[in-house]
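Everything on this sheet refers to the single structure shown next.
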Amino acid sequence: MRLAVIADVHGNCAALQAVLEDIAMLGIREIVNLGDCFSGPLEADRTADLMILLDAAGTMTVRGNHDRHLLETAPHAMGASDAHAHGQLAPRHLQWLRSLPFSAIYRDEVYLCHATPQADDVYWLEQISADGQVCLNSVEEIERRAAGIEQALILCAHTHIPRAVQLADGRLIVNPGSVGCPAYEDDAPCFRKVETGHAMASHAVLEKSEKGWVPQFRNVAYDHMAMSRLAQKNGRADWASALATGRI
Numbered sequence: 001m002r003l004a005v006i007a008d009v010h011g012n013c014a015a016l017q018a019v020l021e022d023i024a025m026l027g028i029r030e031i032v033n034l035g036d037c038f039s040g041p042l043e044a045d046r047t048a049d050l051m052i053l054l055d056a057a058g059t060m061t062v063r064g065n066h067d068r069h070l071l072e073t074a075p076h077a078m079g080a081s082d083a084h085a086h087g088q089l090a091p092r093h094l095q096w097l098r099s100l101p102f103s104a105i106y107r108d109e110v111y112l113c114h115a116t117p118q119a120d121d122v123y124w125l126e127q128i129s130a131d132g133q134v135c136l137n138s139v140e141e142i143e144r145r146a147a148g149i150e151q152a153l154i155l156c157a158h159t160h161i162p163r164a165v166q167l168a169d170g171r172l173i174v175n176p177g178s179v180g181c182p183a184y185e186d187d188a189p190c191f192r193k194v195e196t197g198h199a200m201a202s203h204a205v206l207e208k209s210e211k212g213w214v215p216q217f218r219n220v221a222y223d224h225m226a227m228s229r230l231a232q233k234n235g236r237a238d239w240a241s242a243l244a245t246g247r248i
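Taking UniProt numbering, the leading residue of the sequence shown gets 1, the next gets one more, and so forth.
This is the structure:
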């Protein structure tokens with residue numbers, strides 16, 4: 001069994017298309033999506049149309065925190081990225097978002113969530129220090145959040161950092177990284193920057209072998225400068241820098 005994992009597209013339709021071409025080139029037919037599909041200063045509408053087609057083809061998607069914000073927050077109270085996306089989305093796109101579950105189990109073997117099993121906006125595999133450094137979380141905290149999950153493969157996203165962590169009992173937790181947003185900054189609970197240092201789209205391939213699940217992290221080149229220019233045109237210099245360089 002081989003499975004492609006995408007996450008954190010953030011309205012970057014060009015990156016999504018490139019990743020889907022890479023997945024098809026590998027001959028993989030099964031895809032799961034870990035959420036945060038549209039939020040950003042890019043092409044939420046085009047991305048949504050493509051996501052709905054993927055859904056019809058069997059892709060399982062769970063809801064991310066920004067997907068939730070698009071449904072639960074009044075437009076005038078949204079952050080800039082959510083507001084831009086909301087302004088592009090049609091009622092059918094929002095209805096599709098409403099259909100997404102918080103978490104899911106794929107083929108009885110794989111657990112899916114956006115961030116953690118308890119919350120859609122909390123880092124799982126990483127922790128944030130008081131001075132804003134993002135580093136690997138403690139094994140105790142990672143294991144605590146995984147309590148009660150029976151599946152051998154656990155998939156999460158949210159941080160945009162590709163990572164695999166193996167638990168003491170052999171279960172594997174994998175974050176595939178971000179398809180559409182290679183760097184960002186945030187100020188809650190404290191200011192931090194998360195930067196991949198490259199402008200490529202990220203995803204992961206998981207293969208089940210006799211020895212268990214094995215991840216392959218993949219980076220895909222695409223016309224990232226076109227998306228950087230679009231972000232700049234839409235007044236987002238931070239996104240323009242992230243998309244051009246993987247840094248802010």
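Glycine included, C-beta positions come from ideal geometry on N, C-alpha and C.
For clarity, every value in this text was computed on a predicted model and none was experimentally measured.
- Bridge partners of Met60 according to DSSP: Val32.
- Between the alpha carbons of Cys190 and Gln127 lies a distance of about 11 Å.
- DSSP lists Arg192 as the beta-bridge partner residues of Asp186.
- Put simply, the segment 9-21 touches the segment 176-193. At least three CB pairs are less than 8 Å apart.
- For Gly246, the closest of Thr116, Leu16, Ser209, Glu185 by C-alpha to C-alpha distance is Glu185.
- Between the C-alpha atoms of Leu230 and Met78 there is a straight-line separation of about 20 Å.
- Of the residues His224, Asp108, Val122, the one whose Cα lies closest to the Cα of Met1 is Asp108.
- Cys156 carries a coil assignment under DSSP once its states are collapsed to helix, strand and coil.
- Pairwise C-beta distances place the segment 121-140 out of contact with the segment 81-91, as fewer than three of them are shorter than 8 Å.
- With respect to Leu206, Val110 sits close: the two C-beta atoms are nearer than 9 Å.
- Our two residues, Leu112 and Ser99, have alpha carbons roughly 15 Å apart in a direct line.
- The DSSP-derived three-state label of Trp213 is strand.
- DSSP places Val110 in the uninterrupted beta strand (DSSP E) bounded by 110-113.
- When the beta-carbon positions are compared, Asp67 and Ser103 stay at least 9 Å from each other.
- Put simply, the backbone Cα of Ile173 is about 22 Å away from that of Gln133.
- For Ile142, the uninterrupted alpha helix (DSSP H) segment begins and ends at 139-145.
- In the DSSP assignment, Ser103 falls within the unbroken beta strand (DSSP E) covering 103-106.
- Selection Asp49, His114, Gln17, Ala85 evaluated against Pro176 yields His114 as nearest (Cα-Cα).
- In the assembly as shown, Pro162 is a buried residue. Its beta-carbon has 16 or more other beta-carbons within 10 Å.
- Straight through space, the alpha carbons of Ala85 and Ala237 are spaced by roughly 17 Å.
- Short of 8 Å from the beta carbon of Ser138, and not among the five residues preceding or following it, lie these beta carbons of its own chain, in chain order: Gln127.
- DSSP places Ser81 within a helical segment (H, G or I) once states are collapsed to three.
- Between the segment 194-204 and the segment 147-161 there are three or more inter-stretch CB-CB distances shorter than 8 Å, so the stretches are counted as touching.
- Non-local beta-carbon contacts of Met51 in its own chain, meaning distances under 6 Å to residues more than five positions away in sequence, involve Cys37 in chain order.
- Here Arg98 is not bridged, per DSSP, to any residue.
- Shortest Cα-Cα distance from Asp120 to any of Ile248, Ala15, Gly35, Gln216 involves Gly35.
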